[in-house]
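The first sequence begins at -13 in this note's numbering and counts up by one. Glycine included, each C-beta is placed from N, C-alpha and C at the ideal position. Inspection log for the structure reproduced underneath, given as structure tokens.
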Amino acid sequence: MPELPEVITVIKVLKDEDLIGKHFVSVNVYNSKLLKNSTPKSLNNFLKNETVKDIQHKGKYIVFTLSKNKILVIHLRMEGKLFVEHSNIEEKKYLCVKFILNNNTTLRFYDSRMFGTIHIFDNLEKYNDSSIIKKIAIDPLDKNFTTMYLINALKNTNTYIKTALIDQSNVSGIGNIYVDEILFASFVSPLRRVKNVKPNEYILITKNAKKILKDAIACGGTTISTFESSNNHIGSYQNKLKIHGKKICPICKRKTAFTKVNGRGTTYCKYCQK
DNA sequence: ATATAGGCCTGACAGC
DNA sequence: TGCTGTCAGGCCTATA
């Protein structure tokens, strides 16, 4: 379940595999459900002869800038994987889309759940105006992400603090695992209403969001269930998780609580998190 | 207007 | 053993 650290790790691996500078020869689509605003044919026409100029991210979206400012956007959702593989390498199960590049290189999008998404945009204006992108807020590693920013972003909502923090229109990149970690590190219960969170707690949340995401990036992401950024690139942050999925609180050693917050499995400590 | 529930999707797993 | 039901969760859409 890729969140920001996993997305950044995937991009790093793609760059390490020298994807930038390669061009698309053709595209094979095995599951067109992933194509949200194109067909196999139009995607193929869109990408043919386009060169990868840069790979960035907007929240959890992976953004490929191509020649002539065309843009390819991929979201991995829970199980999606992007592997750069030599043309000779045998395809694994769950291959949804195979991008054939020059130099016997392929970029393969595997997704056992078919939840991933692919969008294409003719230019930067259409990308910026698109419904998926324009609602994505800055992420915690952005220099503009400050306590004041967060307080201001949440001033018109009064949902649970956990729900507000994983809402990508408030702050992007945080998902269900890291939000539990951030709130635990900040001693704030995920069930607190936004309006009841105090300024000093927002300071902690802001600081811990930056710290935890940076640490996770340094570890190459979290490998829970099946996340791999590429073949043999496995993150290690799961070894540093303090609360998510844990039975015992590492601080007070009492049993953790498990509940649902807006449908999301939530682990917290009702003694340490107020 | 915001808040929340349901749906997408399929593998893993628990219970019978 | 093999079936059925439930859960996982990012994001979208429908409903309250």
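May I ask you to report which of helix, strand or coil DSSP gives Thr192?
Three-state result, Thr192: helix.
Go ahead and label Ala204 buried or exposed: buried means 16 or more other beta carbons lie within 10 angstroms of its beta carbon, across all protein chains shown.
exposed
If I measure Cβ to Cβ from Glu3 and keep anything under 6 Å in the same chain, skipping five residues before and after, which residues do I get?
Closer than 6 Å at the Cβ level, and outside the excluded window around Glu3, lie Val70.
Starting from Ser28, follow the alpha helix (DSSP H) in both directions and report where the run begins and ends.
26 to 33
Closer than 8 Å is the cut-off here; do at least three beta carbon pairs connect the stretch 140 to 148 with the stretch 168 to 187?
yes
Let me confirm a value: Arg99 is counted as buried when at least 16 other C-beta atoms fall within 10 Å, else exposed. Which label applies?
Arg99 comes out exposed.
Residue interval of the beta strand (DSSP E) (run including Ala243)
Looking at the DSSP string, the run of the beta strand (DSSP E) that includes Ala243 is 243 to 247.
Whole-number beta carbon distance between Ser12 and Lys27, since they are thought to touch under 8 Å:
The pair is not a contact, with the Cβ atoms about 11 Å apart (cut-off 8 Å).
Grouping DSSP H, G and I as helix and E and B as strand, with all else coil, what is Tyr135?
helix
Which class does Tyr146 belong to by DSSP, given the choice of helix, strand or coil?
Strand, per DSSP.
Taking Lys54 as the reference, give the member of Asn88, Gly159, Leu20, Phe107 with the closest Cα.
Shortest Cα-Cα distance from Lys54 to any of Asn88, Gly159, Leu20, Phe107 involves Phe107.
Assigned secondary structure, Thr(-5) (DSSP; H/G/I helix, E/B strand, else coil):
helix
Residue burial classification, Asn194 (beta-carbon count within 10 angstroms, cutoff 16):
buried
Is the stretch 38 to 56 in contact with the stretch 107 to 123, if contact means three or more CB pairs nearer than 8 Å?
yes
Between Ala150 and Leu140, is the Cβ-Cβ spacing less than 7 Å?
yes
Is it right to say Asp290 is buried, meaning 16 or more other beta carbons lie within 10 angstroms of its own, or is it exposed?
The requested residue 290 is not part of the displayed model; the chain covers only -13 to 260.
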